[in-house]
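Chains as they are written, first to last, in our numbering: chain A, 1 to 442; chain B, 1001 to 1315.
Heads up: the structure comes next, in structure tokens.
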């Protein structure tokens, strides 16, 4: 009796899921043909089915803006890691974003405010894509700041942004892979500069064998790959690990078994903390090295005093010598009671760059912003250090090439791959604190 | 490097899985649905213990490298996890008349609610019990085993809890009633057992054990709002492998899955570790597939024994 009841139910479920799968396939097929049409014959773009839909949406938005009498705020989107394993970055981003938004809206963009719709990526690709989809399709934003994790940024670019006019500017992604997608801009310099720097530092420290543990995603893979290319010595252990595991003892004992004295961690803070704890309570000793993502006060707070001493970490560094950074830092400190990290600075610059690209664009559409977003930060124009200064230089009808925004995170200067140039700072753990021990240029 | 070290790691990890699997299986046996909020019940237990430990702190003498205050915090964590589960049962699951699939989906919602509340209170960042980490026990080092006293504490506490549960199920009135209810609720009811009370006791014990598992997971690794949800899949694998609804099956399944998870690094160099096998023999597979291997073995066991290791047997 019971099994008789279950039979048809299962079949129904199968049918339903099959139908859903077919629908999905059909949807995908639709997308790819549209993409092809768009790339093969750019002139016919608006004639294509999907492309037409996109255009309609943006023009509808224009109409809406017109009705508002051009007084409503310019709305752009932001996908951020408010929760999940990168939430520490997300929180810093939000602080940088809030400060930038205040600075922009003090001046205004042609009398209008900037508004940022923030969605949570949960530090995961799937949730990030739905967040971006909501922003682009529902809120109709032409500019998306996002995301933190490189895998999330790429997923958003490939499934939401690519083939549309919407501008995507990642605030924190450092995977070298993103370089292969010129349409995807980012504010943080590529992590491959970190791998190169790490390889150089480990070599200078006199090690010829290294154990490498990397997180199993785009970020970890990208950095590990560049490290393998740049590293001249032996790699005694080279294994990925998944995020959010309940135990990393296999990784740590594997690294210890490899016999290498230099251990390099390309992973995230919670994962690295577990590994450092595991190494400590297993009594393993090694010289630790790490990419930027394993550095943080949480890591120090949750590892035993002295267990990390001597560890070297490279982190993308903000333009700490510039006045605008110092203003930003003091503003940040009075607001949040601590010094800003470079991750806040990147988010700050994302917002200012977005505001400048809106200010210099002919109209508030993705296509128009694509034209201006790169130029406002590139040389040729007059160097400006704040949004206010930039707006003064621009006057009423300045063009993007009139200004060269020097961000609080550095000169930005997007290259043809959408990557900024950047500085790296080498931090060494001394007495359980991070101490700067020099800089390396990227 | 010895296999013993991996076995030791495996034992500790298995303990945590065993504690959580038993609870999941118990609840399934009586409430009849797969409780996806089980992992987050562990999180609730861990955070409660964290808060309690913050108050009682270094109270009392040290046992196995842990202050007595920690064991008090453990008890409070267990109690609160149990209380939260009973309240959820009374407020959400019991009034719902939706069948096991409906309850399963509801429990996913409940899991999100637990996690959201934890996040509201403590933020999303990970945190540690303020207990100094220990170095490995010197006496075991010559054998290649690197265990701390904390690991021993986790093992010992698990053994005590599992033995206690066994005694409860086999030798007490409540245990017999629980087994009867799990076996055949209607028959239990007509023979005079108040099954609704038994159901509450099941939630208390199941969620309590989950709370204990959460506290130990926090001690073993660290505490974060996703800790319980992250381990839940592995726990499900253990429960299904053992035969869902069976407590002893859950113990066996939890032990096996935990071991497999921690022994994965040996696979690529099996030949060097096991006698009678050619030196070069090995299964080339990375540790990132540890969970996948656990699930493969689960499927393999289910193909041979469709109801799991201890399926069909009354608990």
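Every residue, glycine too, gets a C-beta built ideally from N, C-alpha and C.
From a predicted model like this one, the values you see are computed outputs, not experimental measurements.
Whole-angstrom distance between residue j and residue i, CA atom to CA atom
| i | j | result |
| --- | --- | --- |
| residue 1024 (chain B) | residue 1219 (chain B) | 21 Å |
| residue 209 (chain A) | residue 165 (chain A) | 47 Å |
| residue 254 (chain A) | residue 1076 (chain B) | 37 Å |
| residue 1063 (chain B) | residue 1009 (chain B) | 21 Å |
| residue 281 (chain A) | residue 1146 (chain B) | 8 Å |
| residue 1056 (chain B) | residue 1132 (chain B) | 16 Å |
| residue 1158 (chain B) | residue 1094 (chain B) | 30 Å |
| residue 1308 (chain B) | residue 1173 (chain B) | 28 Å |
| residue 1121 (chain B) | residue 332 (chain A) | 24 Å |
| residue 415 (chain A) | residue 259 (chain A) | 41 Å |
| residue 1143 (chain B) | residue 1149 (chain B) | 16 Å |
| residue 1066 (chain B) | residue 1103 (chain B) | 39 Å |
| residue 66 (chain A) | residue 168 (chain A) | Since pLDDT at residue 66 (chain A) reaches only 39, below the 50 mark, its modelled position is unreliable, and the value read off the structure follows with that caveat. Using only the alpha carbons, I get a separation of about 25 Å. |
| residue 1252 (chain B) | residue 1238 (chain B) | 8 Å |
| residue 377 (chain A) | residue 129 (chain A) | 28 Å |
| residue 323 (chain A) | residue 105 (chain A) | 21 Å |
| residue 1151 (chain B) | residue 1136 (chain B) | 9 Å |
| residue 1012 (chain B) | residue 1260 (chain B) | 12 Å |
| residue 312 (chain A) | residue 232 (chain A) | 19 Å |
| residue 1264 (chain B) | residue 405 (chain A) | 52 Å |
Cβ of residue i within 9 Å of any chain A Cβ
| i | result |
| --- | --- |
| residue 1151 (chain B) | yes |
| residue 1005 (chain B) | yes |
| residue 1293 (chain B) | no |
| residue 1194 (chain B) | no |
| residue 1234 (chain B) | yes |
| residue 1170 (chain B) | no |
| residue 1106 (chain B) | no |
| residue 1298 (chain B) | no |
| residue 1148 (chain B) | yes |
| residue 1286 (chain B) | yes |
| residue 1178 (chain B) | no |
Cβ of residue i within 9 Å of any chain B Cβ
| i | result |
| --- | --- |
| residue 347 (chain A) | no |
| residue 126 (chain A) | no |
| residue 277 (chain A) | yes |
| residue 82 (chain A) | yes |
| residue 432 (chain A) | no |
| residue 250 (chain A) | yes |
| residue 88 (chain A) | yes |
| residue 172 (chain A) | no |
| residue 242 (chain A) | yes |
| residue 282 (chain A) | yes |
| residue 340 (chain A) | no |
| residue 261 (chain A) | no |
CB contact flag (residue i, residue j, <9 Å)
| i | j | result |
| --- | --- | --- |
| residue 194 (chain A) | residue 223 (chain A) | yes |
| residue 1216 (chain B) | residue 1014 (chain B) | no |
| residue 345 (chain A) | residue 325 (chain A) | yes |
| residue 252 (chain A) | residue 278 (chain A) | yes |
| residue 421 (chain A) | residue 410 (chain A) | yes |
| residue 121 (chain A) | residue 149 (chain A) | yes |
| residue 426 (chain A) | residue 262 (chain A) | no |
| residue 1267 (chain B) | residue 1283 (chain B) | yes |
| residue 179 (chain A) | residue 419 (chain A) | yes |
| residue 160 (chain A) | residue 133 (chain A) | yes |
Residue i CB to nearest heavy atom of the ligand COA below 8 Å
| i | result |
| --- | --- |
| residue 241 (chain A) | As presented, the structure is devoid of all ligands, the ligand COA included, so that no description of it is given. |
What are the uninterrupted segments assigned as beta strand (DSSP E) that are 3 or more residues long and contained completely in the region 278-366 of chain A, given in chain order? Taken in chain order, the complete beta strand (DSSP E) segments of 3 residues or longer contained in the region 278-366 of chain A are 287-290, 312-317.
Cβ pair count under 8 Å reaching 3, the region 1116-1133 of chain B against the region 1211-1229 of chain B: Because the criterion of three Cβ pairs below 8 Å is met, the region 1116-1133 of chain B and the region 1211-1229 of chain B touch.
Unbroken beta strand (DSSP E) runs of length 3 or more, entirely within the region 81-132 of chain A: which are they? As far as the region 81-132 of chain A is concerned, its whole beta strand (DSSP E) runs of at least 3 residues are 114-120.
Touching by the beta-carbon criterion (3+ pairs, under 8 Å), the region 69-85 of chain A and the region 134-143 of chain A: Between the region 69-85 of chain A and the region 134-143 of chain A, the count of Cβ pairs shorter than 8 Å is three or higher; the stretches touch.
Inter-stretch contact (C-beta, 8 Å, three-pair minimum) for the region 172-187 of chain A and the region 220-237 of chain A: Taking a contact to require three or more Cβ pairs closer than 8 Å, the region 172-187 of chain A and the region 220-237 of chain A qualify as touching.
Hey, which unbroken runs of the alpha helix (DSSP H) at 4 residues or more fall wholly within the region 1178-1251 of chain B? Entirely contained in the region 1178-1251 of chain B, the alpha helix (DSSP H) runs reaching 4 residues are, in chain order, 1185-1190, 1195-1220, 1227-1242.
Give, in chain order, every unbroken run of the alpha helix (DSSP H) that is at least 4 residues long and sits entirely within the region 1092-1151 of chain B. Within the region 1092-1151 of chain B, the complete alpha helix (DSSP H) runs of at least 4 residues are 1099-1122.
Suppose only complete runs of 4+ residues qualify. What are the alpha helix (DSSP H) ranges in the region 1032-1066 of chain B, listed by chain order? 1038-1056, all fully within the region 1032-1066 of chain B.
Could you check whether the region 363-370 of chain A touches the region 115-128 of chain A, counting it as contact only if at least three pairs of C-beta atoms, one from each stretch, sit closer than 8 Å? Here the region 363-370 of chain A makes no contact with the region 115-128 of chain A; the two share fewer than three CB pairs at distances below 8 Å.
Is it a yes or a no for the region 1082-1093 of chain B touching the region 1200-1208 of chain B, going by three-plus beta-carbon pairs under 8 Å? Enough Cβ pairs lie closer than 8 Å, so yes.
Using 8 Å as the cut-off, can you tell me whether the region 1175-1182 of chain B makes contact with the region 1037-1047 of chain B, which would need three or more C-beta pairs spanning the two stretches below that distance? Output reads no: the region 1037-1047 of chain B does not touch the region 1175-1182 of chain B.
Assess contact between the region 1236-1246 of chain B and the region 1296-1310 of chain B, defined as three or more Cβ pairs (one per stretch) separated by less than 8 Å. Is contact present? Here the region 1236-1246 of chain B lies against the region 1296-1310 of chain B, with 3 or more beta-carbon pairs under 8 Å apart.
Any chance you could list the beta strand (DSSP E) runs of at least 3 consecutive residues sitting entirely within the region 398-439 of chain A, in chain order? Inside the region 398-439 of chain A, DSSP marks whole beta strand (DSSP E) runs of 3 or more residues at positions 403-405, 423-430, from first to last along the chain.
Which complete alpha helix (DSSP H) runs does the region 238-274 of chain A hold, if anything under 4 residues is left out? As summarised for the region 238-274 of chain A, the continuous alpha helix (DSSP H) elements at least 4 residues long and confined to that stretch are 249-258, given in chain order.
Contact between the region 80-98 of chain A and the region 336-353 of chain A: three or more CB pairs below 8 Å? Using a C-beta cut-off of 8 Å, the region 80-98 of chain A makes contact with the region 336-353 of chain A, since at least three inter-stretch Cβ pairs fall below that distance.
Suppose only complete runs of 4+ residues qualify. What are the alpha helix (DSSP H) ranges in the region 145-230 of chain A, listed by chain order? Listed in chain order, the complete alpha helix (DSSP H) runs (minimum 4 residues) inside the region 145-230 of chain A are 150-156, 192-204, 218-230.
Kindly confirm or deny that the region 291-307 of chain A and the region 384-402 of chain A touch, where touching means at least three C-beta pairs closer than 8 Å. Too few Cβ pairs lie closer than 8 Å, so no.
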